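Below is one structure, written out as structure tokens, with a few remarks after it.
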Amino acid sequence: MAEVFLTDWAPGQPDGFVVSAQWPRGHSFFLQRSGYQDPLLIAESVRQVGSLIAHAEFGVPLGHHFLMHNLSYTVTEQGLATAPIPTEVEMRVTCHDLSKRGGQLTGMRYQVTLVRDGRSVGFAEADFNCLSPRVYQRLRGRRPTSVAPARGQVVPPASVGRVLPSDVVLLAPEKASHRWQLHLDTRHPILFDHPVDHVPGMVLMEAARQAAQAVHPLPVLALGMDSTFSRFAELDAPCWIEAEVAEDSGLVHVTGTQNGSTVFTAHVTTWHA
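So this is what it looks like as structure tokens:
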């Protein structure tokens, strides 16, 4: 992602930290909607927290690769309400299950309590491993960076809560269904702000959010998302996004598959704004 939303941090209790974040009033991709901030600002801020703490507190060298396994969040609608000024959020972080090799951090799980105006408004959790460039190269080799051909056009932006076609990551299916091919544009300045050899996790979470909106007739906010990344989603093979609505619960189950295997799942809690 092309913008850092973290503004400050300080150590707290052992393996605990307080991180300040600021969400802008206007952003080219994370758009305000019906008086609410984009909930994926939470996911992106939480992702950034993990990188910050790993580098600044645990000494992980720059250039290491972070492999996210899970990222989840829940938030109240009040926690996303917009104001005439940027949204200031305090993120109270605790780190757990630290793994090290030769004194070097290789992975951890962390939990985040979101505080706004002194009140708890949400919770998030994530876990990742970090790999040196040498280990990552051994794991991945020389993966193709070309993108699988797109079959057709993207779905109408309004149907997935977007304004611009360039921000849509789902291709229109040939017939009406809750299954779409993932659309990848590695020139996108936000979703692909640096060269990668796989589909970033935030792109998959955006696909889950768009899929959850696509199956709802009214605009909804993703007040919760529990995402699991089970394997690399490759750039050069079609990735299929499928959504299943849990009746009368506001929950949408989203699955991403590639070459017959599940690459990620997301359980999205929706709320009609």
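Note that the working numbering numbers the sequence shown so that position 140 is 150, with each residue one more than the last. Built from N, CA and C at the ideal position, the CB exists for glycine as well. Here the structure is a predicted model, which is why all the values come from computation and not from measurement.
Boundaries of the beta strand (DSSP E) harbouring Val230: Val230 to Phe239, taken from the DSSP string. A direct Cα-to-Cα measurement between Met78 and His106 gives close to 15 Å. Here Gln268 is not near Ala232, since their CB atoms are 8 Å or more apart.
Counting along the chain, Ile95 sits inside no beta strand (DSSP E), nor does DSSP assign it H or E at all. By the neighbour-count criterion, in which 16 or more other beta carbons inside 10 Å mark a residue as buried, Ala186 falls on the exposed side. Listed in chain order, the non-local C-beta contacts of His282 below 6 Å within the same chain comprise Leu228 and Val230, local neighbours out to five positions each way being set aside.
Per DSSP, the beta bridge partners of Ser30 are Asp18 and Glu100. Non-local beta-carbon contacts of Leu180 in its own chain, meaning distances under 8 Å to residues more than five positions away in sequence, involve Val164, Val165, Val170, Trp190, Gln191, Leu192, His193, Ala217, Gln220, Ala221, Ala224 and Ile251 in chain order. Per DSSP, Leu115 is one residue of the beta strand (DSSP E) stretching across Gln114 to Arg126. By the C-beta criterion, the stretch 106-119 is judged not to be in contact with the stretch 32-44, since fewer than 3 inter-stretch pairs fall below 8 Å.
Bridge pairing for Asp137: Asn80 and Arg119 [DSSP]. Under a 10 Å Cβ-count criterion, Gln47 is classified as buried, with 16 or more other Cβ atoms of the shown protein chains found around its own Cβ. A direct Cα-Cα distance of roughly 31 Å separates Ala53 from Glu184. Bounds of the alpha helix (DSSP H) holding Ala66 are Leu50 to Ala66. Here Thr104 has Asp25, Gly26, Tyr120 and Gln121 as same chain residues with Cβ atoms under 7 Å from its own Cβ, once five neighbours each way along the sequence are excluded. In this structure the stretch 79-96 lies against the stretch 128-138, because at least three pairs of beta carbons, one per stretch, are closer than 8 Å. Contact between the stretch 151-163 and the stretch 83-92 is not established, with fewer than three Cβ pairs separated by less than 8 Å. Here Gln191 is bridged, per DSSP, to Trp250. Taken through DSSP and simplified to helix, strand or coil, Ser130 comes out as strand.
If you look at Ala168, you'll find it isn't in any beta strand (DSSP E); DSSP assigns it neither H nor E. Linking Ala31 to Asp246 through their CA atoms gives a straight-line distance of about 35 Å. The beta-carbon separation of Gly128 and Thr92, rounded to 18 Å, does not stay under the 8 Å limit for a contact.
The shortest CA-to-CA distance from Gly270 to any of Val255, Leu115 and Arg241 is the one to Arg241. Its chain contains Leu16, Trp19 and Val29 as the residues whose beta carbon lies nearer than 8 Å to that of Leu62, once the 5 sequence neighbours on both sides are disregarded; these appear in chain order.
For the pair Val173 and Leu41, the CB atoms are nearer than the 8 Å cut-off.
C-alpha of Thr238 to C-alpha of Glu100: approximately 25 Å in a straight line.
When only Cα atoms are considered, Glu67 and Ala182 end up about 45 Å apart.
The three-state secondary structure of Gly89, taken from DSSP, is helix.
Nearest to Pro199 by alpha-carbon distance, out of Asp207, Asp177, Val278 and His188, is Asp177.
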